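The sequence shown begins at 1 in full-length UniProt numbering and counts up by one. Just so it is clear, CB atoms sit at the ideal spot from N, CA and C, and this is done for glycine as well. Predicted, not measured: the structure shown is a model, and the values here were computed from it. Notes to accompany the following structure.
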Amino acid sequence: MTGIEYMLNEVMEPHLFVIRKQKRDGPDKVTPMLTYYVLDGSIYQAPQLSSVFASRMVRALYYISKSFTVAASKLEKIGYDTEGDSVKPETKAGAENIDFKEVMRVDHILTTLQRKLSPAPPPPPFPEGFAAPSSDTAETQDGQAQNGHTDPIIDQGAAKRLKIEK
């Protein structure tokens with residue numbers, strides 16, 4: 001039996017039901033597509049894991065850049081030069097001196113670690129029916145990329161909320 005199926009994944013009666021949409025390619029081969037949950041009679045689509053990671057990364061980068069901006073403005077108020085033009089030349093020359101023994105020690109540590117660690121595993125193959133992203137995608141006159149295949153997992157549109165009347 002192959003095709004799209006919905007499976008009740010978790011149940012916490014009477015308030016929470018987790019439903020998983022999956023594509024069955026054979027009796028033992030299943031590809032999860034989406035997850036929905038029913039909470040107190042309302043149906044929600046769970047966000048994709050990539051969307052959650054992307055939003056958290058954007059939020060973290062925003063706060064990091066904001067803190068650097070605040071730090072730079074406070075340094076300007078105090079009178080420190082962020083470019084380092086006011087640093088004395090003697091200290092700059094002293095900082096540029098590199099100890100050859102230190103360089104050799106760091107190189108030795110890095111080569112030892114490289115020998116101990118196994119090489120990175122190859123990336124997982126793309127799901128059946130999808131092509132790897134290529135840099136030569138055709139562009140329409142509007143400037144939007146034109147792909148022959150769209151990912152059904154990602155291209156679901158806006159999440160919908162349905163209300164079930166009791």
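- Item | Euclidean distance between Cα positions of residue 124 and residue 31 | The residue given as residue 124 occupies position 124 in the sequence shown. The residue given as residue 31 occupies position 31 in the sequence shown. Answer to the nearest angstrom: the Cα atoms are 14 angstroms apart.
- Hey, quick one: how far does the beta strand (DSSP E) through residue 12 stretch, first residue to last? Indexing the sequence shown from 1 puts residue 12 at position 12. That run of the beta strand (DSSP E) goes 3-12.
- Separation of residue 64 from residue 229, as counted between CA atoms: What is shown of the chain runs 1 to 166, which leaves residue 229 out entirely.
- Message: Per the DSSP calculation, residue 20 is bridged to which residue(s)?
- Response: Residue mapping note: residue 20 aligns to position 20 of the sequence shown, counting from 1. DSSP, once it has assigned bridges, lists 7 and 35 as partnering residue 20.
- With residue 42 as the anchor, note down where its beta strand (DSSP E) starts and where it stops. Counting from one through the sequence shown, the residue named residue 42 turns up at place 42. Start and end: 42-45.
- Message: Can you give me the C-alpha to C-alpha distance between residue 53 and residue 33, rounded to a whole angstrom?
- Response: Counting from 1 along the sequence shown, the entry for residue 53 is found at position 53. Counting from 1 along the sequence shown, the entry for residue 33 is found at position 33. Between residue 53 and residue 33, the C-alpha separation is close to 18 angstroms.
- For the alpha helix (DSSP H) that contains residue 100, what are its first and last residues? Residue mapping note: residue 100 aligns to position 100 of the sequence shown, counting from 1. Segment 100-116, the alpha helix (DSSP H) holding residue 100.
- Query: Between residue 18 and residue 27, what straight-line distance do the alpha-carbon atoms span, to the nearest angstrom?
  - Reply: The residue you call residue 18 lines up with position 18 of the sequence shown. The residue you call residue 27 lines up with position 27 of the sequence shown. Roughly 22 angstroms separates the two Cα atoms.
- Message: Please report the distance separating the alpha-carbon of residue 36 from that of residue 111.
- Response: Taking the sequence shown and counting its residues from 1, one reaches residue 36 at position 36. Taking the sequence shown and counting its residues from 1, one reaches residue 111 at position 111. Between residue 36 and residue 111, the C-alpha separation is close to 48 angstroms.
- Message: Looking at residue 1: is its Cβ nearer than 8 angstroms to the Cβ of residue 20?
- Response: Residue numbering aside, residue 1 sits at position 1 when the sequence shown is read from its first letter. Residue numbering aside, residue 20 sits at position 20 when the sequence shown is read from its first letter. Taking 8 angstroms as the Cβ cut-off, residue 1 and residue 20 do not qualify as a contacting pair.
- Message: I'd like the list of long-range same chain contacts for residue 4, defined as Cβ closer than 7 angstroms, with 5 residues on each side in sequence excluded.
- Response: Indexing the sequence shown from 1 puts residue 4 at position 4. Same-chain partners within the cutoff: 21 and 23.
- Item | For residue 30: DSSP bridge partner residues | As a working mapping, residue 30 is identified with position 30 in the sequence shown. Answer by DSSP bridge pairing, in chain order: 24.
- Item | Cβ shell of residue 70 (< 7 angstroms), same chain only, five flanking positions each side left out | Looking up residue 70 in the sequence shown gives position 70. Excluding residues within five positions, none has a Cβ falling inside 7 angstroms.
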